[in-house]
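The letter at position 193 of the sequence shown is residue 192 when you use numbering that gives the first Met the number 0, and the numbering goes up by one with no holes. Below you'll find the structure, written out as structure tokens, and then a few comments.
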Amino acid sequence: MHKVIFDTDPGVDDAMALLFLHHHPHIDLLGITTVFGNAEIDITTRNALFLKREWKIDAPVARGAGETFIPHRVSHAPPKFIHGDDGLGNIGVPEVTDVHPDPRPAHRFIVETVRANPGEVTIVAVGRMTNLANALKEDPELVGLVKEIVIMGGAFDVNGNVTPAAEANIHGDPEAADVVMTAKWPVVVVGLDVTMQTVMTRTQLADIRDAAGTSRARLLFNLSQFYIDFYEGLVDDGMVVHDSCACVYVVAPELFKTRSGVIRVVCGGIADGQTIQKPDGRGFGPSDWDGDLPSQKICTEIDAPAVLKLIHDVIVAVRED
């Protein structure tokens with residue numbers, strides 16, 4: 000079993016990733032921590048609580064950061080044109096649910112959960128890295144207690160998606176991302192280099208809905224339609240399943256190829272949020288890249304059809320709501 004904390008900003012593709020984690024037989028979902036990004040923190044937390052209720056998820060939801068690691072850093076408005084006004088494709092999420100969050104802030108939930116399960120917890124982070132950076136600030140010893148950090152974010156050998164240089168999750172809080180990438184815990188980054196190759200078509204999503212025959216799958220189909228409309232013209236009649244790719248890596252890393260090396264994040268200037276790797280074995284002149292920085296992994300190749308099939312099979316395997 001993989002013990003997982005899912006750090007997320009739901010978010011349409013976040014919702015699919017959450018349902019995948021909830022259904023996978025080898026995932027023990029310990030908690031869901033929210034962060035601002037695809038919507039403001041009140042909305043992403045409400046969305047996580049809504050999905051917890053609708054999909055009968057036992058794991059607690061802990062409300063996380065609503066602003067950047069460095070307070071008052073200039074932030075951009077949530078991408079309502081991608082995820083809708085309610086963050087879940089304008090399906091009409093109720094303003095209030097009868098499910099309440101864990102009393103602890105997300106960073107403390109992370110610290111306490113990892114300390115209760117030393118060496119066993121994988122954190123799958125598919126939003127801004129703010130909660131993880133705050134957890135490290137509170138408890139630097141966490142680096143030796145986490146099993147692995149799997150991140151959806153970044154763009155290394157391809158362009159970003161909010162600027163030519165930067166991917167959205169990293170661009171939203173570059174300082175937090177640099178803290179997380181340079182900490183001495185094992186990190187795997189599943190970025191745009193591979194996620195943009197992983198497109199679930201409208202037909203494939205409808206097949207998941209029909210094959211599963213559950214209200215969970217119907218809700219997933221409905222909340223995804225706005226997102227698919229956004230991707231019209233960018234991909235062929237479907238949506239890129241960014242966050243689910245990171246979840247698939249946890250259970251099927253053999254579907255990916257990786258490259259190791261030091262990772263840094265540009266903080267400021269025209270390339271704000273750019274992720275850069277110095278590959279292991281490459282020599283450069285003396286610089287700030289040298290010294291006691293850890294080698295981390297980035298994904299460079301993906302078996303996209305196999306990833307999509309696994310997502311399909313896991314979600315439709317559970318036939319009861």
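Cβ atoms here follow ideal geometry from the backbone N, Cα and C, with glycine treated the same way.
- The region 9-25 and the region 236-254 touch, with no fewer than 3 CB-CB distances between them shorter than 8 Å.
- Here VAL187 is buried. Its C-beta has 16 or more other C-beta atoms within 10 Å.
- A residue is called buried once 16 or more other Cβ atoms fall within 10 Å of its Cβ, and ALA164 is buried on that count.
- Secondary structure note for ILE148: its beta strand (DSSP E) is the uninterrupted segment 147-151.
- Counting the other CB atoms within 10 Å of its CB gives ILE227 a total of 16 or more, which places it among the buried residues.
- Bounds of the alpha helix (DSSP H) holding ARG208 are 201-211.
- The C-alpha of ASP12 is placed about 15 Å away from the C-alpha of ARG215.
- Where VAL120 is concerned, there is no enclosing alpha helix (DSSP H), although the beta strand (DSSP E) around it starts and stops at 120-124.
- The Cβ-Cβ distance between ALA154 and ASP192 falls below 8 Å.
- The continuous stretches of alpha helix (DSSP H) do not include LYS296, which lies in the beta strand (DSSP E) extending over residues 295-301.
- In the three-state reduction of the DSSP assignment, LEU292 falls in the coil class.
- Contact check for THR121 and VAL249: beta-carbon distance about 6 Å, within the 8 Å limit, so the pair qualifies.
- The region 94-109 and the region 230-241 do not touch, with fewer than three beta-carbon pairs separated by less than 8 Å.
- Your pair ASP156 and VAL264 does not check out as a contact, with CB atoms roughly 16 Å apart and the cut at 8 Å.
- DSSP links VAL264 through a beta bridge to THR274.
- Here VAL161 is near HIS170, since their CB atoms are less than 8 Å apart.
- Where THR44 is concerned, the enclosing alpha helix (DSSP H) starts and stops at 40-53.
- At the C-beta level, GLY152 and GLU174 stay beyond 8 Å of one another.
- For a cut-off of 8 Å, the C-beta gap from THR197 to ILE301 is around 6 Å, short enough to register as a contact.
- Taking C-alpha positions only, GLY83 is separated from ASN89 by approximately 5 Å.
- A buried status is given to VAL240, since no fewer than 16 other beta-carbon atoms sit within 10 Å of its beta-carbon.
- By the neighbour-count criterion, in which 16 or more other beta carbons inside 10 Å mark a residue as buried, ILE109 falls on the buried side.
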